[in-house]
Amino acid sequence: MTFHSFLIKYGEIGIKGKNRYLFEDALVRQIRYALKNVEGEFLVHKCHGRVYVDCEGAYDYEETVESLKKVFGIVGICPVVRKSVKEIGELKKDVISYMGEMYPEGNLTFKVEARRANKRYPMNSMEINCELGEAVLDAYPRMKVDVHLPDVRLNVEIREEVYIYSEIIPGPGGMPVGTNGSAMLLLSGGIDSPVAGYMIAKRGVELEAVYFHAPPYTSERAKEKVVDLARLVSVYAGPIKLHVVNFTDIQLAIYEKCPHDELTIIMRRYMMRIAEYFARKDGCLGLITGESIGQVASQTMQSLAATNAVCTLPVYRPLIGFDKREIVEISEKIDTYETSIQPYEDCCTIFVAKHPVTKPNVERIEKSEQNLTEVIDSLMKMAIETAEIIRI
1 MTFHSFLIKY GEIGIKGKNR YLFEDALVRQ IRYALKNVEG EFLVHKCHGR VYVDCEGAYD
61 YEETVESLKK VFGIVGICPV VRKSVKEIGE LKKDVISYMG EMYPEGNLTF KVEARRANKR
121 YPMNSMEINC ELGEAVLDAY PRMKVDVHLP DVRLNVEIRE EVYIYSEIIP GPGGMPVGTN
181 GSAMLLLSGG IDSPVAGYMI AKRGVELEAV YFHAPPYTSE RAKEKVVDLA RLVSVYAGPI
241 KLHVVNFTDI QLAIYEKCPH DELTIIMRRY MMRIAEYFAR KDGCLGLITG ESIGQVASQT
301 MQSLAATNAV CTLPVYRPLI GFDKREIVEI SEKIDTYETS IQPYEDCCTI FVAKHPVTKP
361 NVERIEKSEQ NLTEVIDSLM KMAIETAEII RI
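If you're matching positions, the sequence shown starts at 1 in UniProt numbering and goes up one per residue.
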């Protein structure tokens, strides 16, 4: 079967009222971005409240579908056969041919759902339903009509051309990226943070990211791993601006001057400060982390409160109530898991305390940070000014 177009079904966009066109336009942009490296030429356009991808000439069907399945805002992808508008006798032949190719086994129930957008066509939708249904039954006696719960819904839309389709391939849902502002993702080399970025992007948020690198304690391969993760997330989220921050000197200062059981919390607080600096500079509306309550010592309720205390922007934690198994399942679905488990340590694991505090007191943490007063401003300034920008 050769498909000439894809009808794109969307969900939440349809209830946006007078602003719906803004979300449709964003969806069209994201589809074009997703298909830019796919073999073939595609015309992505809106028509009468619907979004279509018309395929011009030869193209890679499987690659096209896989790319569309990664575009947030799409709930269904319908491969369409386009035919010229013909009188009912010729249209019957087209529909019979379609059903024969799509369902050669023939033992199924079906329902015809015709839609006459072209009002010049001499038959109305109900008449078309009856004529086409009768033609299919005559051609394939093993098929039966079921108007309530059919195995196949045969859609025939008569527009400037005739659109015939019956298959709906599930999309990822959500909202088109770019319709809900932008946020800064704290991206490590672990399993959680790429999943957190994916989940926030699914709600229409553009992503930037910041990664804290600690050479020579972390290798160049650890940095490449994070770049790979950002690239995998960008398949869904669109282009990502990644800030790579050299965090070594700040970590060493914390290690030398602060209580070792508070290392992780103090380190996280300075990471949040730096991430917020870049977020504000680029107009982001919040920070994103992959934290889940109680997963590790730095993610207890008390630890999260101590970390939040240094932020003025909101901190979004989409995994907050997930257990590890649920997070791993999503990471496998979005193809980040195998990269995340590569054995290249990040700065969070290199300087971890043997017995980290699990219920930190914010006042005590702030008092410990006073030990850094003489050096921390210059170290923060250096880390920010020397940050590497990688566009993915």
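Glycine residues also receive a C-beta, built at the ideal position from the N, C-alpha and C atoms. Remember, it's a predicted structure, so these values are computed and weren't measured experimentally.
**Message:** Judging by CA-CA distance, which residue of G283, L137, I200 is the nearest neighbour of S97?
**Reply:** The shortest Cα separation from S97 among G283, L137, I200 belongs to L137.
What's the C-alpha gap between P356 and S188?
Just so you know, the alpha carbons of P356 and S188 end up roughly 20 Å apart.
How many whole angstroms separate the CB atoms of Y236 and A196, which I take to be in contact at a CB cut-off of 8 Å? Actually they are not in contact, since the Cβ atoms of Y236 and A196 sit about 13 Å apart, beyond 8 Å.
Notebook entry, point to check: Buried or exposed: which applies to G190, given that a residue is buried once 16 or more other Cβ atoms fall within 10 Å of its Cβ?
Noted result: buried
Looking only at its own chain, which residues have a Cβ that is under 8 Å from the Cβ of E63, when we skip the five neighbours before and after it?
V38, E39
Quick one: using the 10 Å Cβ neighbour count with 16 as the cut-off for buried, is E338 buried or exposed?
-> Counting C-beta atoms within 10 angstroms of its own C-beta, E338 has fewer than 16 neighbours from the protein chains shown and is therefore classed as exposed.
- Query: Residue ranges of each alpha helix (DSSP H) run of no fewer than 4 residues wholly in the UniProt domain "THUMP" (62-170), ordered along the chain?
  - Reply: 88-102, 125-139
### Euclidean distance between Cα positions of P104 and K225
46 Å
Ends of the beta strand (DSSP E) at V53?
50-56
Under 8 Å, with one C-beta from each stretch per pair, do the region 379-386 and the region 228-248 reach the 3-pair mark?
Contact holds: three or more Cβ-Cβ distances are below 8 Å.
What's the gap between the Cα of I334 and the Cα of K70? 9 Å
Q. What beta strand (DSSP E) runs, 3 residues minimum, are completely inside the region 172-223?
A. Runs of beta strand (DSSP E) with 3 or more residues, each lying fully within the region 172-223, are found at 182-186, 206-213, listed in chain order.
Residues in the same chain with beta-carbon distance under 7 Å from A387, minus the five sequence neighbours each way, listed in chain order, please. H243, V244, V245
| request: To the nearest angstrom, report how far apart Q46 and E160 are at their CA atoms. | output: As written in the sequence, residue 46 is Lys, which differs from the Gln given in the question. Looking at the two C-alpha atoms, the distance is approximately 14 Å.
Rank K119, R120, E113 by C-alpha distance to the C-alpha of G133 and give the top, closest one.
E113
- request: Look up S292 in the DSSP assignment and say whether it is helix, strand or coil.
  value: If DSSP states are grouped into helix, strand and coil, S292 belongs with coil.
Count the other CB atoms, across all protein chains shown, that sit within 10 Å of the CB of M301; report buried if there are 16 or more and exposed otherwise.
-> exposed
(message) Using DSSP's beta-bridge definition, name the partner residues of Y10.
(response) Note: Y10 sits in a beta bridge opposite I74.
Which residues mark the beginning and the end of the beta strand (DSSP E) in which V38 is found? It is not in any beta strand (DSSP E) - V38 carries neither H nor E in the DSSP assignment.
Handout entry: Proximal residues to N308 (C-beta, below 7 Å), its chain only, five neighbours per side dropped
Key = The residues are V315.
Give the range of the alpha helix (DSSP H) segment to which E262 is assigned. Note, E262: premise wrong, no alpha helix (DSSP H); not H, not E.
With DSSP as the reference, label L43 as helix, strand or coil. strand
Problem set entry | Paired residues, beta bridge with R391 - DSSP | When DSSP reads this structure, R391 sits in a beta bridge with K241.
- request: Determine contact between the region 256-269 and the region 363-373, defined as no fewer than three beta-carbon pairs at a distance below 8 Å.
  value: Counting Cβ pairs under 8 Å, three or more are found: they touch.
Check: Is the Cβ-Cβ distance between E208 and G178 less than 8 Å?
Finding: no
* May I ask which residues mark the beginning and end of the alpha helix (DSSP H) holding M380? => Looking at the DSSP string, the run of the alpha helix (DSSP H) that includes M380 is 373-385.
Q. Do you know how far the Cα of F72 is from the Cα of G17?
A. 19 Å
Please report the residue range of the alpha helix (DSSP H) in which S331 lies. 324-333
For the ligand GTP, is there any heavy atom lying closer than 7 Å to the beta carbon of R120? For the ligand GTP, the structure offers nothing, since it holds no ligand at all.
On the CB-based measure, 16 or more other CB atoms within 10 Å of its CB, does G290 come out buried or exposed?
buried
I want to know whether the region 171-185 touches the region 152-159 - three or more CB-CB distances under 8 Å. no
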